[in-house]
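Below you can see the structure in the form of structure tokens.
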């Protein structure tokens with residue numbers, strides 16, 4: 007007698023064992039250490055930290071190793087770990103003006119206090135495969151410059167001094183927390199930015215690109231892009247002062263966009279904002295464009311029906327962990343529902359066939 | 200054996216309290232979708248994270264847990280979720296429906312009637328019955344608030360106009376206590392009559408969509424239909440090849456290359472207990 | 002039926018920033034009466050209509066409707082569920098573009114049946130019969146009942162929209178340029194049909210249009226709007242044949258020259 011699918015438990019155990027073997031690959035090739043991943047695949051580590059919403063390069067590197075290099079799977083591991091961590095408080099707002107910048111460029115001014123710093127960028131590399139990397143060659147040392155100790159002011163601050171760019175309302179209110187409260191729409195900007203900061207890079211990139219091609223165009227200039235380390239401080243009530251918890255590397259992008267104004271209000275540039283954990287430049291620029299596109303209502307612009315202007319569409323579909331889980335769940339068994347569909351379609355077809363025969 | 204690195208049933212107590220509040224609210228307003236701050240779970244969204252969180256919030260150390268998927272205790276995802284709770288909560292497990300105090304299910308309601316004191320937890324992919332008529336959450340919430348359900352019947356009308364019958368065979372919507380229209384999760388419509396007047400507590404968890412809803416014991420749940428096209432719970436015409444039941448919901452199994460097929464009970468526990476009882 | 006007016010607008014105003022949408026509009030509409038509102042585009046007539054029909058929130062003023070047993074009730078401050086109920090029972094709204102008032106992915110029968118189902122009709126056969134009956138009344142053949150509006154001509158779509166609105170026997174119909182965008186010959190047929198239905202059902206209606214031929218055929222009374230304000234009111238024939246306000250004279254003469 008045929009007995010339907012028994013032994014799910016053994017199948018799972020065997021699959022896991024095989025997976026572990028595949029992850030290791032050919033044992034004749036030395037195993038990669040977590041430290042190697044952290045140091046040599048740093049941009050992958052950064053993406054996992056950013057979208058996993060957890061700043062821990064070692065854990066992110068471990069996740070990449072465990073996930074066999076599947077970054078969304080690695081992000082998933084980090085998210086699932088993160089959700090179990092106790093929360094012992096909230097830091098002070100980060101002061102990105104005091105960032106120790108590795109990179110800082112502006113597309114709007116040729117030069118500004120703090121200067122243009124290219125930093126470790128792919129931008130002007132020629133994309134030619136470097137076969138020297140196939141042999142384990144030494145890396146030449148990069149020349150050293152003098153460290154800059156004073157704060158690097160934001161470019162938008164100069165525009166702001168002249169009133170040329172719209173001033174964001176300051177608020178000490180605690181923003182809603184995406185990870186502790188259900189998403190509620192309409193969302194305010196703080197909530198939108200939280201969602202975008204951990205959103206899928208590819209999704210944001212495509213949305214941002216679509217605004218550049220006219221689907222919600224916002225005429226963005228990169229006012230400033232900066233990457234570097236910022237100190238995280240936390241107020242300790244028992245001590246009565248703030249202490250340093252450590253440093254995180256961040257990428258911040260501020261765009262300067264098309265102006266608004268009317269007969270009574272003088273025109274002003276408007277802003278888009280991106281802030282992402284780690285060196286994640288493409289994501290931060292994309293985020294600032296999407297942020298700006300989503301602000302159409304508050305800035306009195308028309309909704310032209312572009313995807314990037316649609317808050318519900320963007321926020322409900324930007325999370326790759328939600329997306330990948332739901333997408334892949336369709337490979338789970340659905341045979342009960344399918345059986346129900348089979349019965350229905352047979353019944354409907356029988357009714358039509360009977361009707362045809364009766365007509366003949 | 201409990202995995203000591205995690206709290207009982209994985210979630211921390213604060214999170215469980217938050218989920219219990221949502222469950223209580225759901226029980227107080229049958230059929231109403233309560234938003235809750237769904238946590239990221241160590242299994243993917245869409246694979247039962249809502250059900251797992253609801254189960255985690257309900258479990259006590261004395262509970263006896265049963266997990267089914269497609270009616271069966273031994274399907275891979277059921278095995279995986281059962282193992283998860285054995286590992287994180289150390290609770291007793293069972294496949295016998297009458298012995299379980301908490302049953303987590305995907306896509307089926309067990310064949311034997313549930314009893315008072317039992318909790319049935321459904322995994323829900325899309326909690327919103329209006330979703331495929333109106334994609335926007337902001338609009339569907341307003342429609343529920345205003346009891347604006349005309350569109351739901353337009354869909355059924357269109358089915359009949361086109362096919363001569365209502366063409367929904369699973370996730371068939373019900374109206375709860377004359378107020379909220381509710382998605383019963385993708386159970387076959389064969390199971391819909393068991394939703395109503397059930398002695399057990401029925402809880403529905405949608406993790407990715409961050410919603411919990413509930414049917415308290417003995418709640419009215421009426422499948423939507425027309426007076427002249429009444430709701431029909433249907434199943435394959437045939438009998439189980441193992442236990443011979445002709446009243447249970449049947450899965451179709453293809454047995455040879457020529458397309459030969461047979462039917463077996465989808466509820467494996469029901470089938471096994473009947474088969475045992477036979478001479 | 003009570004002896005008073007069916008519908009009353011008091012001091013209705015709506016601004017868009019510094020610009021006036023409509024300002025301080027007041028009038029009564031009596032049972033069975035058809036009021037025409039005319040003016041050029043930008044005169045505020047569509048803003049006024051949308052404020053009256055609850056699509057826009059006015060800045061000031063009241064929009065009262067005779068709720069039978071409860072007398073005149075302000076629909077602006079009415080709770081949302083009650084207003085929605087009103088909108089799908091006693092009120093109807095005919096959009097200029099049929100696609101704004103129809104569900105384009107739903108069959109003609111489903112479009113007509115929706116309002117019936119929204120108020121509790123649960124017998125498929127009866128709903129379908131009512132739909133077929135109404136398609137007949139708007140001169141659409143019964144065998145089109147399962148076709149989607151996409152397959153219909155512009156005039157047919159507009160007639161379908163009218164059937165969808167009138168199926169619940171509303172007491173008040175708002176119409177926004179009901180013949181706009183249609184060919185002249187199609188317009189004439191639609192106007193004829195509308196006039197017949199209005200007379201036969203004793204409907205009260207408010208018709209916004211820039212087309213004086215429409216109001217001459219349909220409206221008992223006329224309101225002329227300019228820059229968001231009412232500049233002249235009166236019986237339709239009186240206003241059209243003997244306009245008092247300079248702007249009305251211009252409007253009427255421009256039509257006569259056509």
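Protein chains in written order, with the numbering used here: chain A, 7 to 366; chain B, 200 to 478; chain C, 2 to 259. Ideal placement from N, C-alpha and C gives every residue a C-beta, glycine not left out.
Taking the beta carbon of residue 123 of chain C as reference, the chain B residues within 7 Å of it are 425 and 426, listed in sequence order. The Cβ of residue 304 of chain A sits no closer than 8 Å to any Cβ of chain B. Taking C-beta atoms as the reference points, residue 215 of chain C and residue 225 of chain C fail to come closer than 8 Å. Residue 33 of chain A and residue 87 of chain A have their C-alpha atoms some 29 Å from each other.
Assignment of residue 464 of chain B by DSSP, reduced to helix, strand and coil, places it in the strand class.
Residues of the segment 342-368 of chain B with a C-beta atom less than 7 Å from some C-beta of chain A are 362, 363, 364, 366 and 368, listed in chain order.
Nearest Cα to residue 234 of chain B within the set B/241, B/245 and B/221: B/221. Taking all protein chains shown into account, residue 305 of chain B has 16 or more neighbouring C-beta atoms within 10 Å of its C-beta and is therefore buried. In the three-state reduction of the DSSP assignment, residue 250 of chain A falls in the strand class, which pools E and B.
Beta-bridge pairing by DSSP links residue 176 of chain C to C/95 and C/208. Excluding its 5 nearest sequence neighbours in each direction, residue 465 of chain B has C-beta neighbours in its own chain below 8 Å: 269, 270, 271, 307, 447, 448, 449 and 450, listed in chain order. Under the 8 Å Cβ criterion, the segment 412-420 of chain B does not count as touching the segment 272-286 of chain B, having fewer than three qualifying pairs. Any Cβ of chain B closer than 8 Å to the Cβ of residue 313 of chain A would place that residue at the interface, and such an atom is absent.
Taking the C-beta atoms as reference points, residue 294 of chain A is found nearer than 8 Å to residue 259 of chain A.
Assigned with DSSP and collapsed to three states, residue 311 of chain A falls in coil, not helix or strand. Counting other Cβ atoms within 10 Å of its Cβ, residue 312 of chain A reaches 16 or more and is therefore classed as buried. By the neighbour-count criterion, in which 16 or more other beta carbons inside 10 Å mark a residue as buried, residue 290 of chain A falls on the buried side. Using a 10 angstroms sphere on the CB of residue 260 of chain B, the tally of other CB atoms stays under 16, which defines it as exposed. Each residue's CA atom was taken as its position, placing residue 244 of chain C and residue 30 of chain C some 21 Å apart. Sixteen is the threshold: when 16 or more other Cβ atoms of the shown chains lie within 10 Å of the Cβ of residue 102 of chain C, as they do, the residue is buried. Residue 243 of chain B is not a Cβ neighbour of residue 375 of chain B, given a cutoff of 8 Å. Approximately 17 Å separates the beta-carbon atoms of residue 117 of chain C and residue 141 of chain C; this is outside 8 Å, ruling out the contact. At least one C-beta of chain B is nearer than 8 Å to the C-beta of residue 345 of chain A. Rounded to the nearest whole angstrom, the C-alpha separation of residue 157 of chain A and residue 256 of chain A is 15 Å. In this structure, residue 300 of chain B and residue 318 of chain B form a Cβ contact; the two beta carbons are roughly 7 Å apart against a cut-off of 8 Å.
Below the 8 Å Cβ cutoff, chain A contributes no neighbours of residue 444 of chain B, its closest Cβ being approximately 15 Å away. Secondary structure of residue 258 of chain A (DSSP, three-state): strand.
Contacts with chain B at 8 Å (Cβ-Cβ) include residue 85 of chain C.
8 Å or more divides the Cβ of residue 223 of chain C from the Cβ of residue 196 of chain C. For residue 165 of chain A, the enclosing alpha helix (DSSP H) has its first and last residue at 161-167. A contact is defined here as three or more CB-CB pairs under 8 Å, and the segment 274-283 of chain A meets this definition with respect to the segment 163-177 of chain A. The C-beta distance from residue 187 of chain C to residue 156 of chain C rounds to 4 Å, short enough to fall under 8 Å. Neighbours of residue 323 of chain A in chain B, taken as residues at a C-beta separation under 8 Å, are lacking, since the least C-beta distance is about 11 Å. Taking the Cβ atoms as the reference, residue 231 of chain A lies roughly 5 Å from residue 111 of chain A, within the contact range of under 8 Å. In this structure the segment 60-74 of chain C does not touch the segment 122-140 of chain C; the number of beta carbon pairs closer than 8 Å is below three.
Its chain contains 11, 12, 13 and 14 as the residues whose beta carbon lies nearer than 6 Å to that of residue 62 of chain C, once the 5 sequence neighbours on both sides are disregarded; these appear in chain order.
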